[in-house]
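Working notes, structure below.
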Amino acid sequence: MTTVTAGGSSAPPAAKGNRWGRRLAALSPVLPFLALLVVWYVVWVVFQPRPAVLPEPRHVLRTATALATEGTLLRNVLESMQRLVLGSIVGILTGVAAGVLAGLNKRVAAFFNPLVVFFSALSGIVWLPLALVWLGIGTAMVTFIIWNSVFFLVFSNTLLGVQLVPVVLENGVRALGAGRWRTIWQVTVPGAMPHIIAGIRAGFGFGWRALIAAELIGATSGLGQMIYSAATFHRSDIIITGAITIGVIGVVMDRWLLAGLERRTIERWGMV
Amino acid sequence: MAVQQRRPAAAQPPTEQLPAPAAVTFGRALGRRVMGIGRLVVPFLVLALVWWGIKVAFDLPDNVLVSPTVVATTIWQLVERGILTDFIGLSLRRLGIATVISLLIAVPIGIALGLNRHMATAFEPFFRFFQAVSGIAWLPLAIVWNGFTDRTIVVIIIYTLAVPVIFNTMVGIKTVPQRYADMCRSLGAGTFRVVRDVFLPGSLPSMLVGFRLGIGYGWRALIAGEMLVAQGGMGDLIFQARTGNQTNRIMAGMIVIGTLYLVLDRLILQPFEDATVAHWGVLRA
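Written out as structure tokens, the structure reads:
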């Protein structure tokens, strides 16, 4: 009994130290951000730049709070997200459909492959002038740019994924009596899923950037427009607030939404 | 990584078992090459036909859609007047300067951070965050700092390229088995030697993945930056054409931009990547 208590009393300090070490390690990702904040503050104190060039960190915090409370930030974020979601969903649906259809036939795939490669190289912001001519300034134009970024990446990855599904598997299911559509739905599409997800993730990355760029130039609202109009008034505090918001949304989307989705499909289909 | 457009080299069964006479082999090789070019060209010809068909069928005015022949003549005119070569030169010069500077900054930082496990863990979210803040999002600030100049564009591309290269170099170094470094060290190699001979080659594939992604983003940042800064370059060319309603120039410029990027990607990046990945084996982060 005594030995047990003795063992019990001697163990906690070590465990405690370990726990503190682990807590410190868990906090370590905060340090680079803190360091950047300190550098920023020191630069501000030493060089005393005009607020238009570099505002004080606290000034940015005040602006961010003001923008958040008066609803400007939320309105612009929602505006941007709406475009992103709309463009991405249409882009993913059309991209997967086109990729599966084209990938089923070897000749069709060979025909579309160079086109898809070319248009992937061309996707996104390059279409902006033409999109402006076709659709004018506004939501339709921005959505088109996002669709364009997402579609070709998803298309090309789906095409690749479908082509990589072993024909043996399809034949096996067909030999068991499955029809053509059933084979596609239950073998080809799931088999290509890791590539499709990778395409969606890449498409989101490019689409998110294209969104900001398109809003900078061709929109009257949204995050991109918010930071660009801030530039004309030399409001660096608003620009930095917007950039941080863009980063946070991007990380949240990629890490929580897409990485999770990717991990689940990869685990399920056992691919690296 | 994610952006895979290239088909993997599937193990193809040998088509010819018996050695064929030289003339026959040559003929087949020529035939295959012609077929290959055909496979590349025919889709674009069909696309041009469809494009022309849409133009004629809907009788679209020239400011909405111009016919393929007009675009071809426009490209020719731009070449003849020297505008195209000037603007391509400007764009590539910006991209080149930014690439050199960002690699000089990013690779040492990535290696230094990757060598220390604690540093790497601490900095991972940091670079993830800045990867999500696209270079274009800093464009307004860069304009406030540098005005509508070349420097604004170059700074944006340096940032866009450097972040994924630092991140992937760091991750690549982390994935190099510690044992390799320990072995080299036990054989008497110093830190510099270990970095040069073990960590650098070991992280190269991952580094290239980052570089490829960075160039993909950077190229688009370049075009977007040139549109806004308006100091020449391909982005400026197509954006200026919009105000003059010169849809022919926009489409000509787009075709040139797409082709340029493909040439850059296929002729420079991919062979380099193939060589290194083949040499050191694929490392996936």
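As they're listed, the protein sequences go chains A and B. Number 162 in my numbering belongs to position 176 of the first sequence; there are no gaps in the numbering. Number 96 in my numbering belongs to position 31 of the second sequence; there are no gaps in the numbering. A virtual CB, placed ideally from N, CA and C, is assigned to each residue, including glycine. Just so it is clear, the structure is predicted and the values come from calculations on it, not from any experiment.
Item: Can you find a C-beta in chain B that's less than 7 Å from the C-beta of Gly85(A)?; Value: no
Item: Look up His220(A) in the DSSP assignment and say whether it is helix, strand or coil.; Value: coil
Item: May I ask you to report which of helix, strand or coil DSSP gives Pro176(A)?; Value: helix
Item: Name the two residues that bound the continuous alpha helix (DSSP H) containing Phe19(A).; Value: 16 to 33
Item: Which of the three DSSP states is assigned to Phe192(A) in this structure?; Value: helix
Item: Please identify the residue among Ala137(B), Val236(B), Gly298(B) whose C-alpha is closest to the C-alpha of Met272(B).; Value: Val236(B)
Item: Following the continuous alpha helix (DSSP H) through Ala38(A), name the residue where it begins and the one where it ends.; Value: Segment: none, Ala38(A) is in no alpha helix (DSSP H) and carries neither H nor E.
Item: With a cut-off of 8 Å on the beta carbons, I'd call Gly179(B) and Thr234(B) a contact; round off their distance for me.; Value: 6 Å
Item: Can you pull the chain B residues whose beta carbon is under 8 Å from the beta carbon of Val119(A), in chain order?; Value: Asn128, Val129, Arg307, Asn310, Thr312, Ile315
Item: Measure the alpha-carbon distance for Leu150(A) versus Leu64(A) and round it to whole angstroms.; Value: 38 Å
Item: Tell whether a beta-carbon distance below 7 Å holds between Gly358(B) and Leu145(A).; Value: The structure shown has nothing for residue 358(B), since chain B only spans 66 to 350.
Item: Under the assumption that Asp223(A) contacts Thr49(A) (Cβ atoms under 8 Å), give the Cβ distance between them as a whole number of angstroms.; Value: 4 Å
Item: Here's the rule I'm using: 16 or more other beta-carbon atoms within 10 Å means buried, otherwise exposed. How should Lys239(B) be labelled?; Value: buried
Item: Which class does Arg307(B) belong to by DSSP, given the choice of helix, strand or coil?; Value: helix
Item: Could you check whether Gly275(B) and Pro229(B) sit closer than 7 Å to each other, using their CB atoms as the reference points?; Value: yes
Item: From the beta carbon of Gly122(A), is the nearest beta carbon of chain B less than 7 Å away?; Value: no
Item: Look at Trp120(A) and Ile131(A) and say whether their C-beta atoms are less than 7 Å apart.; Value: no
Item: Quick check: the Cα distance between Leu265(B) and Trp242(A), rounded to an integer number of angstroms?; Value: 32 Å
Item: Taking the C-alpha atoms as reference points, what is the distance between Thr218(A) and Val46(A)?; Value: 17 Å
Item: Does the contact criterion of 3 or more C-beta pairs under 8 Å hold for the stretch 198 to 214 of chain B versus the stretch 137 to 149 of chain B?; Value: no
Item: Would you say the stretch 250 to 258 of chain B touches the stretch 192 to 200 of chain B, given that touching needs at least three Cβ pairs under 8 Å?; Value: no
Item: At 4 residues or longer, and completely inside the stretch 74 to 155 of chain A: list those alpha helix (DSSP H) runs for me, N to C.; Value: 92 to 108, 114 to 121, 125 to 150
Item: Cutting at 7 Å between CB atoms, please list the residues of its own chain near Ile198(A), excluding the five before and the five after it.; Value: Leu209, Gly210, Ile232
Item: Tell me which residues share the same chain as Pro41(A) and place their Cβ nearer than 6 Å to its Cβ, disregarding the 5 neighbours each side in the sequence.; Value: Ser222, Asp223
Item: Here's the rule: buried if 16 or more other CB atoms are within 10 angstroms of the residue's CB, otherwise exposed. What is Ala200(A)?; Value: buried
Item: Return the residue from the list Asn91(A), Val29(A), Arg249(A) that minimises the CA-CA distance to Met179(A).; Value: Arg249(A)
Item: Quick one: which chain B residues come within Cβ less than 9 Å of Gly228(A)?; Value: Ala202, Pro205
Item: At least one CB of chain A closer than 7 Å to the CB of Arg97(B): is that the case?; Value: no
Item: Please list, in chain order, all residues of the same chain as Tyr214(A) whose beta carbon is under 6 Å from its beta carbon, the five residues on each side excluded.; Value: Leu202
Item: Considering only the beta carbon of each residue, do Val263(B) and Cys249(B) sit closer than 7 Å?; Value: yes
Item: From the beta carbon of Glu81(B), is the nearest beta carbon of chain A less than 7 Å away?; Value: In this predicted model, Glu81(B) has a pLDDT of only 46, less than 50, meaning its place in the structure is not dependable enough to derive any value.
Item: Going by DSSP in three states, Gly298(B) sits in which element: helix, strand or coil?; Value: coil
Item: Which same chain residues, not among the five before or five after Ile40(B), have their C-beta less than 6 Å away from its C-beta?; Value: Residue coverage of chain B in this structure runs from 66 to 350, which leaves residue 40(B) outside it and unanswerable.
Item: Going by other Cβ atoms of all chains shown within 10 Å of its Cβ, with 16 needed for buried, is Val238(A) buried or exposed?; Value: exposed
Item: What are the residues of the stretch 210 to 224 of chain A that lie near chain B, defined by any Cβ-Cβ distance shorter than 7 Å?; Value: Ile213, Tyr214, Ala216, Ala217, His220, Ser222
Item: Among residues of its own chain, excluding the 5 on either side of Pro133(B), which ones have a beta-carbon nearer than 6 Å to its beta-carbon?; Value: Ala113, Trp116, Trp117
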